[in-house]
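For reference, the structure discussed in these notes is given below.
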């Protein structure tokens, strides 16, 4: 079945005119957190789901809980969607960390912008999850001009959120994208921001 879905995924990429980079074999990890920038349309999510099928990975994707209504919820659950309720104190980050730790293989995709709207700063839950679960962050760039999912590289979370965000910013700058960080000092107030 994975082979059939992989071929279907490749066909979808071909039909839409999109292409993708492969994660270099030496970079592949059975547990990792995928992030992608920029999040400008629902097509980002579609191409992420499709890419997971192409590479034959059962990836999970965080999606705003508002999208989980019948019959859409059945479709999203079948594809690996996980509804996210964006409320402080929901324990969501801790639950995802536990899920990572309980699995031998677990791939989760997140868009740190959290919305398709223009934002001033990204959300840092992805970093907290990767740090807490001790997994690398696989970075992707949705290059809408070239219609390509571009592999940017891995970020291994350290002990300092601000330093890691600056590393991430430099990684994406090489691909012509400026991550919306806003004032970097605002992240110092967040746990791990130092």
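In my numbering, the protein residues as written are 4 to 197.
Note that beta-carbon positions come from the ideal geometry of N, C-alpha and C, so glycine has one too.
For clarity, every value in this text was computed on a predicted model and none was experimentally measured.
Secondary structure of residue 128 (DSSP, three-state): helix.
With contacts defined by Cβ atoms closer than 8 Å, residue 33 and residue 107 form a contacting pair.
Annotated three-state conformation of residue 186 is coil, per DSSP. For residue 146, the enclosing beta strand (DSSP E) has its first and last residue at 140-146. Taken through DSSP and simplified to helix, strand or coil, residue 4 comes out as coil. Residue 176: member of the alpha helix (DSSP H) spanning 164-176, first to last residue. Between the segment 65-76 and the segment 138-153 there are fewer than three C-beta pairs closer than 8 Å, too few to call the two in contact. The C-beta of residue 189 has fewer than 16 other C-beta atoms within 10 Å across all chains shown, which makes the residue exposed. Fewer than three beta-carbon pairs drawn from the segment 158-173 and the segment 48-63 are found closer than 8 Å, and the two stretches are therefore not classed as touching.
Pairwise C-beta distances place the segment 39-56 out of contact with the segment 95-102, as fewer than three of them are shorter than 8 Å. Secondary structure at residue 21: coil, using DSSP grouped into helix, strand and coil. Listed in chain order, the non-local C-beta contacts of residue 79 below 7 Å within the same chain comprise 66, 70, 71, local neighbours out to five positions each way being set aside. As DSSP reads the structure, residue 38 sits in a beta bridge with 113, 142.
In the DSSP assignment, residue 81 falls within the unbroken alpha helix (DSSP H) covering 75-82. In this structure, residue 174 lies near residue 158, with their beta-carbon atoms less than 8 Å apart. In this structure, residue 96 sits near residue 132, with a CB-CB distance shorter than 8 Å. Here residue 152 is bridged, per DSSP, to 23, 145.
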